[in-house]
Every structure is written in C-alpha cells, then in structure tokens.
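Inspection log for the structure reproduced underneath, given as structure tokens.
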Amino acid sequence: MESTKPTLASLTRSWFNLSLFNSRRAGDYFEYLVQGIDPMWSVTECRARVLEVRDETADTKTFVLRPSASWKGFQAGQHLHISMEINGARQTRTFTISSLPQEWEQQGFITLTVKKVPDGRVTPWMHEHLIPGTVVSISQASGDFVLPTDLNESLVFIAAGSGITPIASMLRSLVARNMPVPSSLLYFARTDQDFIFGDTLQGLSRAMSRFNLHLIAADGGSKKKSRSTLPQGFISADHIRAVLAGEPQTVYICGPHPFRELAKQLLAEQGFPQNRIREEAFGLPPLPRTEGAPVTVSFSRSNASTTTDQPGTLLEMAEQSGLKPTSGCRMGICYTCKCTKKSGQVRNVITGEISSNDEEDIQICVTTPISNVELAI
Ligand code: FES
C-alpha cells in the first residue's frame, strides 16, 4: 500500500505551489516568466498563434490561428473571445469561428473572419497588426447557434454581411457529412464584391445538389446567372416564400439587428413558427432618441459621473467619461462587461426588459439608464 506520509520533497513542492499560485503577484510573476520562454505558454488562459492571414473582401480578412493544447475545440456555429494588447490596454472582442470543426480536430487550426469596422478600436488594429507569428489570447468556444443534433428535415440559413461566418462553418460541416438534409442559404450583401466566401459557397452549391444557394446583392448585382433565380435587392416576402417552400425544420438567421428583425417579421407573415427560428446577434439595435429628463450615471469607484438627456449604453457612457471598464463583444454575448449596479433603473436594449431599482449585476454594453444610476466602476 502506498504511504501517505508527506516527504520533504512533497512538502517543498506544496509550499512552492501555494507560494506561487495562491498569490496573485506570484502567479502573475510566474506567468511573466513563462511568457518570456514561449508566449504560447500560459498557466491562466489559452493562447493562439496566427499562422496566416487571407483577404476575403476589401474590408474582411480571415485569420488562421493555431490554438494551444489547452483549447478544447468547438461545434460549427460557435464563437470565442479573442484578447489582444492594443496601445497598452487589453481589448477583447467576440467572433464566430468560420472554419470546420474537422479542420481543428485533424489539422489543429481554426479561422476567424473579421470585417473591419471603420471607426472601431479593435478590428482596424487586427487588420493592420495581426500578422503571422503574433500570439493572442482566446477563450474556449461557446454558444448555442449550432446545428440540431437530430437532422430530420431541411434547413434554411439567412445571413447578411459578416453574419455569414457561423453559417459558413455550419454549411461546410453539413457538406463534410454529405449534406444529410437539403439546405438553402439566402445571403445578402451590399454588392457582388461584398459576398464573403462567395466563391467557396458557389463551389459548394455546384458540388451538392441538396444545397440551394441564393446570393442577393442589395444594389442589384451584376446579373451573374449562377447567383440566384430570386430577385436581387433587399430581403422581401419573395425570398422568404421561396426558401420556406421546402418546409424547413429550422431557420437560422445571422446579421445586423434590423436585418434580423425584418427577416423574423417576414417569416411570421408566412406563418413560420417563432420557436423554430434560431438567431445570432451581430450588433445592437439603435437606441431610440428620448424626450425624458436628463439622467446622471455615477461611477462610484472612480469618483466620476456624467449627465445627459440622450443616454447611450452604460459602457459607452463610462468610456465617454474617460473610464476603461473591461468589455468584450459589446453585444451582450460574453459577459465580460458585467458589473454591479448599486441603484437605479436600466433598460436592456436587446430584450427591452426594465430592471428594478435594486443592487444587481448587469451587462453594461447592452443596458441604458432610464433613471439616475450608480455603478460600481
Ligand atoms: S462586452 Fe460582452 S456582454 Fe458586454
């Protein structure tokens, strides 16, 4: 039987572990040492190295990343948070994974396809500075915008702009399984040049008779015959009627908020049940202009406050006050921005839900004040 009596070596090891890992400063120091040996090593988080950068459209690039061994993989359609140090501050954003789970399992890489937001703080930096060899931090993958486990009937996908990224992963995953159910994709972009993965999608539709592709350009496009038999322009009842003819099991929608709302309205008008729609948020709804009295948001830990009669999100208001609260996706997905509201009422800009006056944790990227509010920032 193995002895349980502690040896000098095990006591020394325990002390060393306690000293290093139960102290934040010691842990940080150890992380610093490890980083000096190899930036891919970390005792606290997953890392990924950029292997390659590909141009997709004029404003969209695909970053091929090799995650460290501690990364656990993903299902097609899921997202992750990526963190980088930009001008001395850590910035985190959320992106869906555009590659296939099999590519990760067999070749050890994933891809993130990122559209540059012209006035953004992070995506322009990524386009300029994330070059092969750069190491970034990534979270494990999460999200429930994934394919059903029991595939019985046809699927419909509706995407706009960079909302194609999770859907491309799901479609390629279906193709890798020899397209077990018929699938249709309605993909809307501004012009012919703005279809991300346009050639890949057209290749898939030529190879798979059970995949119906409709590339719809808002400006009318260049009338290439292979793109779609449906009208070009904005999403309309004609598009929705055409894809519902196959009586789909589920409709997946991904794109900006107004686009998703319009797509859901058109589906409802055709009698498609709401509980068979899955959607992934890309961007927040516009905040309404208000006529109410000015509200004051005070940041108790920073001894700062701001007063306005046209409040934005609490995250924006904190940043406009010169504060730097931690944030990630900025659209209510990652919970990185969660903080304590000490008092006051806020509205969730996605659900419309209004909070009580009580102390509670809120996501400041998707809440706007409707009374004076105190935050523990
Ligand atoms: S920053 Fe991701 S939920 Fe607020």
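Sequential numbering of the sequence shown, starting at 165, is according to our numbering. Heads up, the beta-carbon is just placed ideally off N, CA and C, and yes, glycines get one too. These numbers come from a predicted model, not from an experiment.
(message) Taking the alpha carbon of residue 326 as the reference point, which residue from 344, 258, 478 and 299 has its own alpha carbon closest?
(response) Selected option, being the one with the closest Cα: 258.
(message) I need the boundaries of the beta strand (DSSP E) containing residue 319, first residue and last residue.
(response) Note, residue 319: beta strand (DSSP E), 319-324.
(message) What would DSSP say about residue 442, mapped onto helix, strand or coil?
(response) Residue state, collapsed to three classes: strand.
(message) My output table needs one value for residue 503: the three-state DSSP class, helix, strand or coil.
(response) In the three-state DSSP reduction, residue 503 falls in the strand class (E or B).
(message) Please determine whether the Cβ atom of residue 528 lies at a distance below 8 Å from any heavy atom of the ligand FES.
(response) Residue 528 Cβ: within cutoff of the ligand FES.
(request) Apply the 10 Å Cβ neighbour rule to residue 293 and answer buried if 16 or more other Cβ atoms are within range, or exposed otherwise. (result) By the beta-carbon neighbour count (other beta carbons within 10 angstroms, threshold 16), residue 293 is exposed.
(message) Am I right that residue 305 and residue 244 are in contact with their C-beta atoms under 8 Å? What's the rounded C-beta distance?
(response) The Cβ separation is near 5 Å, so the contact holds.
(request) Determine, using beta-carbon pairs with one atom in the segment 474-484 and one in the segment 519-538, whether at least three such pairs fall under 8 Å. (result) Cβ pair count under 8 Å is three or more, so yes.
(message) Starting from residue 370, trace the alpha helix (DSSP H) in both directions and tell me its first and last residue.
(response) Unbroken alpha helix (DSSP H) run through residue 370: 362-371.
(request) With residue 330 as the anchor, note down where its alpha helix (DSSP H) starts and where it stops. (result) Residues 328-340.
(request) Flag residue 471 as yes if its beta-carbon sits less than 9 Å from any beta-carbon of chain D, otherwise no. (result) In summary, chain D is missing from the structure at hand, where a single protein chain is found.
(message) Going by beta-carbon coordinates alone, are residue 321 and residue 418 separated by less than 9 Å?
(response) Between residue 321 and residue 418, the CB-CB gap stays under 9 Å.
(request) Give the straight-line distance between the Cα atoms of residue 357 and residue 274, rounded to the nearest whole angstrom. (result) In a straight line, the C-alpha of residue 357 is about 25 Å away from that of residue 274.
(message) Does the segment 332-341 come into contact with the segment 261-279, if we say contact requires no fewer than three beta-carbon pairs (one atom in each stretch) closer than 8 Å?
(response) Pairwise C-beta distances place the segment 332-341 in contact with the segment 261-279, as three or more of them are shorter than 8 Å.
(request) Might you give, ordered along the chain, the residues of its own chain that have their beta carbon closer than 6 Å to the beta carbon of residue 519, omitting 5 neighbours on each side? (result) Shown here for residue 519: same chain residues with a beta carbon closer than 6 Å to its own, the five before and five after excluded, namely 509 and 510 in chain order.
(request) Return the CA-CA distance between residue 375 and residue 314, expressed in angstroms with no decimal places. (result) So the alpha carbons of these two residues sit roughly 18 Å apart.
(request) Could you tell me the distance, in whole angstroms, from the CA atom of residue 422 to the CA atom of residue 202? (result) The straight-line gap from Cα to Cα measures roughly 44 Å.
(request) Can you check DSSP and say which residues form a bridge with residue 309? (result) By DSSP's assignment, residue 309 forms no beta bridge with any residue.
(message) Check for me: the beta strand (DSSP E) holding residue 468 runs from which residue to which?
(response) First-last of the beta strand (DSSP E) with residue 468: 468-472.
(message) Using the three-state DSSP reduction, which class does residue 389 fall into: helix, strand or coil?
(response) Residue placement at residue 389 cannot be trusted, given a pLDDT of 46 that sits under 50; what the coordinates show is reported in the next sentence. Three-state result, residue 389: coil.
(request) Assign residue 389 to one of two classes, buried (16 or more other C-beta atoms within 10 Å of its C-beta) or exposed (fewer than that). (result) Residue confidence for residue 389 is low, a pLDDT of 46 falling below 50, so the modelled location carries little weight; the figure read from the coordinates is stated next. Label assigned to residue 389: exposed.
(request) Tell me, to the nearest whole angstrom, how far the beta carbon of residue 562 is from that of residue 213; I am working on the premise that it is less than 8 Å. (result) The requested residue 562 is not part of the displayed model; the chain covers only 165 to 541.
(request) Grab me the residues of residue 303's own chain with a C-beta within less than 6 Å of its C-beta, minus the 5 sequence neighbours each way, in chain order. (result) Correct list, in chain order: 244 and 245.
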